[in-house]
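Counting from 1, one number per residue, gives the positions in the sequence shown under UniProt numbering. Even glycine gets a Cβ: it sits at the ideal position worked out from N, Cα and C. Predicted model, so just to flag it, every value in this text is computed and none were measured. Working notes, beginning with the structure itself.
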Amino acid sequence: MATHHSLTPAGSPAPATGTGVVTASRVFVGRAVRHSVRDVEALLMAVVLPVLLMLVFTFVLGGAIAPDGTYLDYVVPGIVLTCAGFGASFTGVAVSNDLTSGTIDRLRTMPVPGATVLVGHTVASLARNLVATAVVLLVAVGLGHRPAAGPVAWAAAVGLIALYILAITSVFALLGLLARSPEAVTGYGFGLLFLPYVSSAFVPVETMPGWLQGIAAHQPLTPVVEAVRALLGGGAPGGDAFLAVAWCAGIVLATAAATAYLWPRRASR
Numbered sequence: 001m002a003t004h005h006s007l008t009p010a011g012s013p014a015p016a017t018g019t020g021v022v023t024a025s026r027v028f029v030g031r032a033v034r035h036s037v038r039d040v041e042a043l044l045m046a047v048v049l050p051v052l053l054m055l056v057f058t059f060v061l062g063g064a065i066a067p068d069g070t071y072l073d074y075v076v077p078g079i080v081l082t083c084a085g086f087g088a089s090f091t092g093v094a095v096s097n098d099l100t101s102g103t104i105d106r107l108r109t110m111p112v113p114g115a116t117v118l119v120g121h122t123v124a125s126l127a128r129n130l131v132a133t134a135v136v137l138l139v140a141v142g143l144g145h146r147p148a149a150g151p152v153a154w155a156a157a158v159g160l161i162a163l164y165i166l167a168i169t170s171v172f173a174l175l176g177l178l179a180r181s182p183e184a185v186t187g188y189g190f191g192l193l194f195l196p197y198v199s200s201a202f203v204p205v206e207t208m209p210g211w212l213q214g215i216a217a218h219q220p221l222t223p224v225v226e227a228v229r230a231l232l233g234g235g236a237p238g239g240d241a242f243l244a245v246a247w248c249a250g251i252v253l254a255t256a257a258a259t260a261y262l263w264p265r266r267a268s269r
C-alpha cells in the first residue's frame, strides 16, 4: 500500500478552516471583553464620562443655549456619539499593544488567523459602547428626557448608533496598525475625538460662524447626530439617515480595505 505524505512541513501550523476562523474570533472577542472589564480606565471612560459630559452640558451650559429647558433632548444623541469616539479610541491602543508586546508574534506559530484579533477588539468596542449608550439613555430619562420614538424608530436609532460605533472603531483599529506605539495612537486620534465639537452634536450648525458651518454640515458625524435625534424625537430623519448610513458604510469599507492591506505587513515585522 502506498504511503501518502503531508505537504505541510513538519512543525508548521495547519491552515485555518472556516470553523477555525469562527472559533478563533469567539476566543478573541472573549479576550478583548475580559480586558475591557479589567481595564478600569476604559470602563470609566466608556460609562462615567458620558454621564459627566451630559450633566455638564445640560446643567452648566444648557440654560444659556436653550433657556426653555429643552437642551437635554437636543444633546443626548450628541453625548452618546461623542463618547463612542472616546470608547473606540481604546481599540486603537489595544491593537497597537498587541503588535508591540509580542502577542502577534506568538500567534504566527499557531493555526490562528491573526486578523481575528481585530475582530475581537472591534466586537468588544461595539459591546462596550452599546452598554455606555444604554447607561446614558437611562440617566437622561432620569433627568427628564422623554424620547417619543416607537419600536421601529428605536431599532433604527440603535442600528445607526451601532453602525457609527463600528465605523469609528474601524478607524481607530487602523490607527493602531499605523502607529509605532500605543501612545502614538492617542495623538493620531485627537482629531477624531474633536470632531463632535465641530458638528451639530451640541449646538445647531446655523449658530456657528459662516466659515465653520460648511465644515460642520459636511462632515460624517452631523448626519448621524441629526438622524438619531429625529428618530428619538419621533420624527422622520429624511435624507440625514441616508447620508449617515452612506458615511458610516463608506468608512467601514475603506478602513477594512486598508486594514487588509496593512495587517500582513505590520504583523510580519
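Simplified DSSP assignment, three categories, for residue i
{"i": "Q219", "result": "coil"}
{"i": "A14", "result": "The pLDDT assigned to A14 is 44, lower than 50, so where the model puts this residue is not dependable, and the model offers no usable value."}
{"i": "V135", "result": "helix"}
{"i": "residue 317", "result": "Because the chain here runs from 1 to 269, residue 317 falls outside it and cannot be looked at."}
{"i": "H4", "result": "Any answer about H4 is weak, because its pLDDT of 41 lies below 50 and its placement is not dependable; what the coordinates show is given next. DSSP places H4 in coil when its eight states are reduced to three."}
{"i": "P67", "result": "coil"}
{"i": "S170", "result": "helix"}
{"i": "V27", "result": "helix"}
{"i": "M208", "result": "coil"}
Own chain partners of residue i with C-beta closer than 8 Å, once the 5 adjacent residues on each side are dropped
{"i": "F28", "result": "T116, V117, V119, G120 and H121"}
{"i": "L81", "result": "I161, Y164, P196, A201, L221, V224, V225 and V228"}
{"i": "V203", "result": "I65"}
For residue i, the nearest candidate out of the options (CA to CA)
{"i": "residue 281", "options": "A179, Y197 and V198", "result": "For residue 281 there is no data in the structure shown, the boundaries of the chain being 1 and 269."}
{"i": "E41", "options": "I65, A94 and V75", "result": "A94"}
{"i": "F194", "options": "A173, T222 and L130", "result": "T222"}
{"i": "G214", "options": "S200, D98 and G250", "result": "S200"}
{"i": "A134", "options": "C83, R106, D98 and G187", "result": "C83"}
{"i": "V123", "options": "T100, L138, L166 and S96", "result": "L166"}
{"i": "N129", "options": "F242, V51 and A244", "result": "V51"}
{"i": "V141", "options": "V75, S101 and G102", "result": "V75"}
{"i": "V245", "options": "A32, Q219, P264 and E206", "result": "Q219"}
Endpoints, the alpha helix (DSSP H) within which residue i is located
{"i": "D98", "result": "Y71 to T100"}
{"i": "L43", "result": "V40 to L43"}
Own chain residues within Cβ distance below 6 Å of residue i, not counting five before or after
{"i": "L232", "result": "P147, A149 and A157"}
{"i": "A249", "result": "none"}
{"i": "M54", "result": "I79"}
{"i": "T91", "result": "H121, S125, T169, F172 and A173"}
{"i": "V47", "result": "A132 and V135"}
{"i": "T8", "result": "Legend: pLDDT at T8 = 38, less than 50; position of this residue unreliable, value from coordinates given subsequently. The answer is none, since no qualifying residue turns up."}
Proximal residues to residue i (C-beta, below 7 Å), its chain only, five neighbours per side dropped
{"i": "F86", "result": "M45, L49 and L193"}
{"i": "Y261", "result": "none"}
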